[in-house]
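Accompanying notes for the structure given below.
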Amino acid sequence: MESRNEKLLPPVYCVQCVIMAIHDFTGFNWLMSIVLTALLASGLMWPVKMRIQRQVWELKSLGVSIQKVRSVIQTCDPKDLPENKKLEAELTVKLISCV
Numbered sequence: 553m554e555s556r557n558e559k560l561l562p563p564v565y566c567v568q569c570v571i572m573a574i575h576d577f578t579g580f581n582w583l584m585s586i587v588l589t590a591l592l593a594s595g596l597m598w599p600v601k602m603r604i605q606r607q608v609w610e611l612k613s614l615g616v617s618i619q620k621v622r623s624v625i626q627t628c629d630p631k632d633l634p635e636n637k638k639l640e641a642e643l644t645v646k647l648i649s650c651v
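With our numbering applied, the sequence shown has no gaps in its numbers, which climb one by one up to 651 at the end.
This is the structure:
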């Protein structure tokens with residue numbers, strides 16, 4: 553005879569175990585245990601969220617820099633073209649390395 557927990561998918565079973573452990577450890581009612589689990593999960597994910605936001609900001613600023621260089625290339629003197637192409641290539645390499 554299968555127990556009720558064996559029918560659950562592994563991620564669901566893991567979440568249930570965490571909530572049960574917090575409930576047993578704290579002695580709170582089930583509602584508070586679920587709320588506390590949600591707060592702990594969001595607190596643990598906060599550093600990851602901040603790192604992702606920082607990388608998004610860096611990618612946006614590099615994209616703006618590349619757009620500026622492209623606009624300069626299109627409107628500049630032909631003598632400055634090799635230097636601007638070099639700068640565009642450097643910024644593109646930085647952009648690719650961030651991804």
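Every residue, glycine too, gets a C-beta built ideally from N, C-alpha and C.
Note that this is a predicted model, so its numbers are computed, not measured.
Exposed unless 16 or more other CB atoms sit within 10 angstroms - verdict on S623: exposed
Burial state of S585 (16 or more Cβ within 10 Å): buried
DSSP three-state assignment for G595, whether helix, strand or coil: helix
N- and C-terminal bounds of the alpha helix (DSSP H) containing F577: 562-578
Own chain, CB closer than 8 Å to T644, minus 5 neighbours either side, in chain order: I618
CB contact flag (N636, V621, <8 Å): yes
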